[in-house]
Structures are given as structure tokens and as C-alpha cells.
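S.K.:
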Amino acid sequence: RAHLDRIAAVDGDVHAFLHVSDHALDVASDIDARRSAGEELGPIAGVPLAIKDVLVTTDMPSTSGSRILEGYMSPFDATAVERSRRAGLVPLGKTNMDEFAMGSSTEHSAFGPTRNPWDLERIPGGSGGGSAAAVAALEAPLALGSDTGGSIRQPAHVTGTVGVKPTYGAVSRYGAIALASSLDQIGPVSRTVLDAGLLHDAIQGHDPRDSTSLTDTWGSMADAARAGARGEGVEGLKVGVISDLIGEGIQDGVATRFREALDVLEKNGAEIVEVSAPHFEYAVAAYYLILPAEASSNLARFDSVRFGLRVTPESGGTVEQVMAASREAGFGPEVKRRIILGTYALSAGYYDAYYGSAQKVRTLIQRDFANAFSQVDVLASPSAPTTAFRFGEKLDDPMAMYLNDVTTIPANLAGVPGISVPVGLAPEDGLPVGIQFMAPAREDARLYQVGASLE
Ligand code: GLN
């Protein structure tokens, strides 16, 4: 009730939600009744949850921020949603996002942007700005997000929240509306590292309905966070600072808070060393070929026949004409830009030059990670180069928007886990700053331990 009241009070300004559940109180009462009847419920049963609209739900519409899916109701729940419900979490609603998760500001949502609760004139990050803003504005204590190139970590950074991109394959992608299937990963957003761990524990683990789902047995991320909060694991931890991600383009206050956080780790017994990842400078370029290529293939399913919007032009109604008119009306400019880029990069004659080269760069970046992790336990960088920027600042300059992802993209290209943890406010603008840690694949628990040690 308190969270629904809070949504009613502030969401007119923040616009974190695209849809608020009309039966959250019933679900909560049901959980109360089960608890009263003596049923053993898990540690987060009864806690409200905001769900990024990229995840399909049977009881609320799912749009992925696009007109083309306006009003679409899924016949099944995404696995992450199904597992959240099973853990007793109470879905509050669906959160705003850049259309099909393409963006870093939510300005590309077809339903209007979300505002950053710290400063309503500024962006809440993207694409999962709605989930991060909902948590930062106290509208929800927990949220689910998706991270293809930073869409959980960068919004966490600019809203002073915690965001985790798990190891690729650790959380099922079943029912996550696909952006780029080799990069997409579902993960938690919260106000503390322990909270993120509790949600992570509820959603992780093998799912036969996702062919890239790992079959590993995972430890508890919440336990790792608790150990970190007690100060365990930092003594003797080798933290690698990626020299290639702390140079040019990093705002002064972001660099200041980043170094202070490293000082705290050092004081607690960690060893800070500089490591080089020479191919990271090509990560943004490779990503913006691989992502559009995969996205152009994934988005081909929005053909006006199987899902959502159908527009019949006055000039005629052949299949091609209806398809073209529906896509023209249903997709926004950033989505069209990436589909065109992707189909071009994949076309005969250009495939080797663009997509093929990008895949080779991806391998080199994976080797940079392997080399770095042969020297250190975790890698650290600022979570994003700057604090929250103003609306419109990068909207007409796609390259400027893309460059905001420079710190987050490498982890997706390599499939390794990353966390963003708040480390205070930048002195020059009073806006939140996050530090990012990355660990080798499957070592997600290490991120919770080191992250919680800083809280
Ligand atoms: N900003 C990145 C992009 O626009 C990240 C997207 C994401 O993680 N979903 O592609």
C-alpha cells in the first residue's frame, strides 16, 4: 500500500512506470494469508517488485517501450518473472525503457522519458531508466532489468542505486524480448548490494527453455553480500584498475569518487594494481555492429502478422504494404537506425568487413579479460564516464549517446558479470556516481562481496 501510494504521489513527475498493477494488493494479501497459515516462505516473500517492460507478463501488458507492441498481452511469464512470483515477490508494475532497450537515457521510449529523481531535468540512464528511477524514488524496493551493453549498470550509476549484470547465461532470457541474444542478460536493481543478492538468488539458475542457460549450481549472492558487509574477502584481494577506462572523457567528480573508493579498498587490505586492456578502445565500435546485426534479425518478428500493431495503408493492403506501414508507424527513429545498420552490416559483400571484423575484435576483448584476470581477482572502473546528463544533450548525436557505454560494453562482449555500486555524489554537480567491478565468468559472488564491503 505504501509503495502504491508513493507511486501515486511521485510517478506523475518521475514516470518510471508504464503500467501499475491493479491487483498488487490482492497478491500481497494472499502472501500474508499463506504466511499466517504457517507456510514457510522465502526471505523476500511479500516484497514489492518493479519489472522492466522488456520482460513479458501474463497479467500486465508488455511493450518493450515500443508502439509496435502497445497493448500486447503475453500468454506466458518470462522465467525471471515466474521465479520472482514463486519467491513471493509482489509485482507492482512495468517500468519504462528505451524502445527495445536501445539507448542510454530512456529518451527513446515511445511513451515519453523517465526523469531522474535526483534532478527531474536529467536522464535516469537507459535503457532501464524506469527500473532504476523507481528504486531511487522509493516507488519500489527492488526491480528487474536487462543489460545488453550497460542498461542495468549505467542507470544504477546515475540514480545512486545498485545494479548487477550477471554472468551471461546465469539468469534465463526466456520471455525477455530479445535485443541482441548473445549479449542480453537479466539482473537485479536495488538500493543495497544485499537486496540485489536476494533478488539474484531468486531468479538465477538453469532453465531448459533458454538454450544458452548455464547448468551450473550457483552459491547464494545474498550470503556473499553478507560476508562482504562483515569485511570478509577484501584482505589480499587483487583489484585491477583498467588504465584504458580511466583516461580521457571521464568527468572529474566521477574520477574523484572512483579513486576514493579504491582508497577504501586499499585501506581494508586490497591490493590495487593497474592493468591494461588494449582492445577495449574498440569495444564500442564492435558492439555497435554486433548489436544492430543481432537486433535486425530479432526484430524481424514484428511483421504486423504475429504481434501487435497492424496498419493498413489507404493505397493498398498487400502483405508487404501492411508490413511496411506497420513498421513505419510502430518503430521509432533509433530502432529504424539500428535495423538499417544491422541489415547493412550483414549483407552479402559487407559481412566480412563489418560483422566478421567485429566478431574478431570481440575475441580480442575476451582475451584482454583473460589476461587481466590472470593477474587480478576483480577489475574496477567508473560505471559510466559522467553523471546524469540533461535531456536533449545527446539525443541528436547518436555517437555521443553510444560513447556513454564505453565502460559497460566490454563485460557484455565477454559475457562476464559486472556490478555498479554507489560511491557518493560528484562534488561539481551533486549527482550520484557508481563504481563498477567485473569478475571472471561464474564468479558473480565475488562482485557481491567486494561491492557490499564498500557500503
Ligand atoms: N546503451 C546501450 C545501447 O543502446 C545499452 C543497451 C542495453 O544494455 N540494453 O545499446
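Oh and the sequence shown: position 52 is 79 in UniProt numbering, straight run, nothing missing. Ideal placement from N, C-alpha and C gives every residue a C-beta, glycine not left out. In this text the structure is predicted, and so the values were computed from the model without any measurement.
Using a beta-carbon distance below 9 Å, is Lys-363 in contact with chain B?
M.R.: As a matter of chain content, chain B is missing from the structure shown, which is built from one protein chain.
S.K.: If I follow the unbroken alpha helix (DSSP H) through Ser-480, where does it start and stop?
M.R.: For the purposes of this step, residue 480 is taken as residue 453 along the sequence shown, with counting starting at 1. Here the alpha helix (DSSP H) through Ser-480 covers 471–480.
S.K.: Could you tell me the distance, in whole angstroms, from the CA atom of Pro-449 to the CA atom of Val-189?
M.R.: Residue 449 sits at position 422 when you count from the first residue of the sequence shown. Residue 189 sits at position 162 when you count from the first residue of the sequence shown. When rounded, the distance between both Cα atoms is 7 Å.
S.K.: From the DSSP secondary-structure annotation, give me the bridge partner or partners of Phe-127.
M.R.: In the sequence shown, residue 127 corresponds to position 100, counting from 1. Its beta-bridge partners do not exist; DSSP assigns none.
S.K.: Per DSSP, Arg-149 forms a beta bridge with which residues?
M.R.: Taking the sequence shown and counting its residues from 1, the one referred to as residue 149 is at position 122. Arg-149 is bridged to Arg-417.
S.K.: For Asn-398, count the other beta carbons within 10 Å of its own beta carbon; 16 or more makes it buried, fewer makes it exposed. Which is it?
M.R.: Indexing the sequence shown from 1 puts residue 398 at position 371. By the neighbour-count rule (16 or more Cβ atoms within 10 Å), Asn-398 is not buried but exposed.
S.K.: With distance defined between alpha-carbon atoms, name the residue in Phe-307, Lys-363 and Glu-355 nearest to Leu-440.
M.R.: Taking the sequence shown and counting its residues from 1, the one referred to as residue 440 is at position 413. Here the closest residue by C-alpha is Phe-307.
S.K.: Which of the three DSSP states, helix, strand or coil, is assigned to Pro-340?
M.R.: Counted from its first residue, the sequence shown places residue 340 at position 313. Coil.
S.K.: Report the three-state DSSP secondary structure of Pro-88 (helix, strand or coil).
M.R.: In the sequence shown, residue 88 corresponds to position 61, counting from 1. Correct three-state label for Pro-88: coil.
S.K.: Could you spell out the range, first to last residue, of the alpha helix (DSSP H) harbouring Gly-157?
M.R.: In the sequence shown, counting from the first residue as 1, residue 157 sits at position 130. Note, Gly-157: alpha helix (DSSP H), 156–163.
S.K.: Is Gly-280 closer than 9 Å to Thr-414 when the C-beta atoms are compared?
M.R.: Position 387 of the sequence shown, counted from the start, is the residue given in the question as residue 414. Position 253 of the sequence shown, counted from the start, is the residue given in the question as residue 280. Result yes, Cβ atoms of Thr-414 and Gly-280 sit closer than 9 Å.
S.K.: Who pairs with Gly-172 in a beta bridge, going by DSSP?
M.R.: For this step, residue 172 is matched to residue 145 along the sequence shown. Per DSSP, Gly-214.
S.K.: Could you pull the DSSP bridge partners for Gly-120 from this structure?
M.R.: The residue you call residue 120 lines up with position 93 of the sequence shown. According to DSSP, Gly-120 bridges with Val-47 and Ala-77.
S.K.: By DSSP, does Ile-367 sit in helix, in strand, or in coil?
M.R.: Indexing the sequence shown from 1 puts residue 367 at position 340. Ile-367: helix per DSSP, three-state reduction.
S.K.: I need the straight-line Cα distance from Ala-252 to Gln-212, nearest angstrom please.
M.R.: Within the sequence shown, numbered from 1, the residue matching residue 252 stands at position 225. Within the sequence shown, numbered from 1, the residue matching residue 212 stands at position 185. Distance between the alpha carbons of Ala-252 and Gln-212: 21 Å.
S.K.: What does Asn-398 pair with, by DSSP beta-bridge criteria?
M.R.: On the sequence shown, position 371 is the one that residue 398 refers to. Note: Asn-398 sits in no beta bridge, so no partner.
S.K.: Can you give the Cα-Cα distance for Thr-345 and Arg-354, rounded to whole angstroms?
M.R.: As a first step, residue 345 is located in the sequence shown; it is residue number 318 there, counting from the start. As a first step, residue 354 is located in the sequence shown; it is residue number 327 there, counting from the start. Cα to Cα, the separation comes out at about 14 Å.
S.K.: In chain order, what are the residue ranges of uninterrupted beta strand (DSSP E) at least 3 long that sit wholly in the region 187–212?
M.R.: Entirely contained in the region 187–212, the beta strand (DSSP E) runs reaching 3 residues are, in chain order, 189–192.
S.K.: Tell me whether Ser-303 counts as near the ligand GLN, meaning its Cβ is closer than 8 Å to at least one heavy atom of that ligand.
M.R.: Locating residue 303 in the sequence shown gives position 276, counting from the first residue. Every heavy atom of the ligand GLN is 8 Å or more from the Cβ of Ser-303, so no.
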